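Worksheet: one structure, shown below.
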Amino acid sequence: MEEVHVSPLWPALRNLLPLHRPIAVTKSSLWSFGRIRPLVLRAGELTPIEKAERRVLVLCDPGRGTAFPQATATIYVGFQLLLPGEHAPAHRHIPSAARIIVEGEGAYTTVNGEKCAMHPGDLILTPGGMWHEHGHEGTEPVIWLDALDVPILAYLEGSYREEGKPQIVPSRPDGSAVEYSQAGLVPSRHYRAPRPNYPLLRYPWERTEAGLRAIAKHASSSEIAELEYINPETGDSCLPTLGFTAMMLLPGRVARPPIRSSSAVFHVIHGSGRSTVDGEILAWKSGDTFSASVFAEVEHIASGTEPAFLIRIHDAPLQQKLGFYEERPRS
Ligand code: 1HN
9 MEEVHVSPLW PALRNLLPLH RPIAVTKSSL WSFGRIRPLV LRAGELTPIE
59 KAERRVLVLC DPGRGTAFPQ ATATIYVGFQ LLLPGEHAPA HRHIPSAARI
109 IVEGEGAYTT VNGEKCAMHP GDLILTPGGM WHEHGHEGTE PVIWLDALDV
159 PILAYLEGSY REEGKPQIVP SRPDGSAVEY SQAGLVPSRH YRAPRPNYPL
209 LRYPWERTEA GLRAIAKHAS SSEIAELEYI NPETGDSCLP TLGFTAMMLL
259 PGRVARPPIR SSSAVFHVIH GSGRSTVDGE ILAWKSGDTF SASVFAEVEH
309 IASGTEPAFL IRIHDAPLQQ KLGFYEERPR S
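Heads up: the sequence shown at position 231 corresponds to 239 in our numbering, and the numbers run straight through without jumps.
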């Protein structure tokens, strides 16, 4: 069999098709920002941006080990550092990215000619195929969390990049302050160019938090205040494979979402609390990041007296496109 490159199916069949639910390789994990931040800043001292191109520490799934740059089967996340005056050169690639700003002011990312200011909590998209580069006009280090679908594209042997020249940037604010400054209103298309595939690239945190506070005020005790980041022209997920939501957790109120077939990475924007992921208790605060594998039983609660705000990154859009996303009620 070896010589002719064949193998028997039957020893592998049960592993390929486990009963009732998948066997996850991913092990849920908590990455403490307090412990990772000094390492990211040290990387800034040791590694010039010209050499690194992107100065990132990747959050690695303990179920796979640090040789694998991924947090779950489908989700890559990493903390990226840009120092004042630095420039990370323009490139574009097949995988899609989104950045969530963790700390610092003055950095920006230019995506397809649109200059997007980075403020803590903002979510900024870099859909696959769009040119992007990062710059920093401020005075303090800026750290953000990158989320990409690169594990999927690498698995599909679909991932590659192109390098480019610095982009030409017209003097105008990004689309969140121009065409998409008001929720529920989009530009009239009667006399205009066809709608862009990714009309809105920057989702300012202050609007997200205001939206969450408004729905939390009127939510019943069993509802979770959670908003989805969507394409304002189509209502679809903001990226093709990865979905993003923002959640507001109230102190003393347990949030128990359904069991989902998607995997997830949660990033704490501000506040503190605890989550239980398949029986394991994870205590988190501002800047921390944690993961949940497919079909995990998850619950969250804020601690202290203030609400907590999390962004959930998940792969349900990919699973929905492939036709196998499911949710199961909690027992
Ligand atoms: C990438 O292009 C960036 O542009 C960051 O900042 C992280 C990880 C894997 C592949 C491409 C960036 C990345 C990446």
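Yeah, the Cβ is synthetic: ideal placement off N, Cα and C, and Gly gets one too.
Nothing here was measured: the structure is a model prediction, and the numbers come from that model.
Boundaries of the alpha helix (DSSP H) in which residue i is found, first to last residue
i: E58; result: I57 to A60
i: L49; result: F41 to L54
i: P325; result: A324 to L330
i: L24; result: W18 to L24
i: E217; result: W213 to K225
i: Y163; result: V158 to Y163
Chain-order list of residues whose beta-carbon lies under 6 Å from that of residue i (same chain, five-residue window excluded)
i: A304; result: V285 and D286
i: Y333; result: S269, A324 and Q327
i: A155; result: V85, A106 and I321
i: A224; result: A233 and M256
i: A115; result: L90, M126, H144 and V150
i: W39; result: L67 and T297
Check whether residue i and residue j have beta carbons under 7 Å apart
i: R100; j: M138; result: yes
i: A79; j: D69; result: yes
i: H278; j: I319; result: no
i: P30; j: V306; result: no
i: V177; j: T242; result: no
i: I132; j: R210; result: yes
i: P92; j: T55; result: no
Beta-carbon separation (whole angstroms), residue i vs residue j, contact threshold 8 Å
i: P96; j: H142; result: According to the sequence shown, residue 96 is Ala rather than Pro. Correct: roughly 4 Å between the Cβ atoms.
i: A254; j: L208; result: Not a contact, Cβ separation roughly 15 Å.
i: S37; j: S299; result: 5 Å
Residues of its chain near residue i, where Cβ-Cβ distance is below 7 Å and the 5 sequence neighbours each way are ignored
i: P337; result: P266
i: K52; result: Rather than Lys, the amino acid found at residue 52 in this sequence is Gly. Excluding residues within five positions, the ones whose Cβ falls inside 7 Å are R63, L89, L91 and P149.
Residue range of the beta strand (DSSP E) that includes residue i
i: A75; result: Careful: A75 lies outside any beta strand (DSSP E) and carries neither H nor E.
i: R261; result: No beta strand (DSSP E) holds R261; DSSP gives it neither H nor E.
i: I289; result: E288 to W292
i: L257; result: G251 to L257
i: E171; result: R169 to E171
i: A233; result: A233 to E236
Beta-carbon proximity list for residue i, same chain, < 8 Å, skipping 5 on both sides
i: R282; result: I289, L290, A291, W292, H308, I309 and S311
beta-carbon residue i near the ligand GDP non-hydrogen atom, thresh 6 Å
i: R210; result: Inclusion of the ligand GDP in the displayed structure is not the case, the ligand content consisting of the ligand 1HN alone.
Inset, instruction - Would you check if the stretch 286-302 and the stretch 178-198 touch, i.e. whether three or more CB-CB distances between them fall below 8 Å? - result: no
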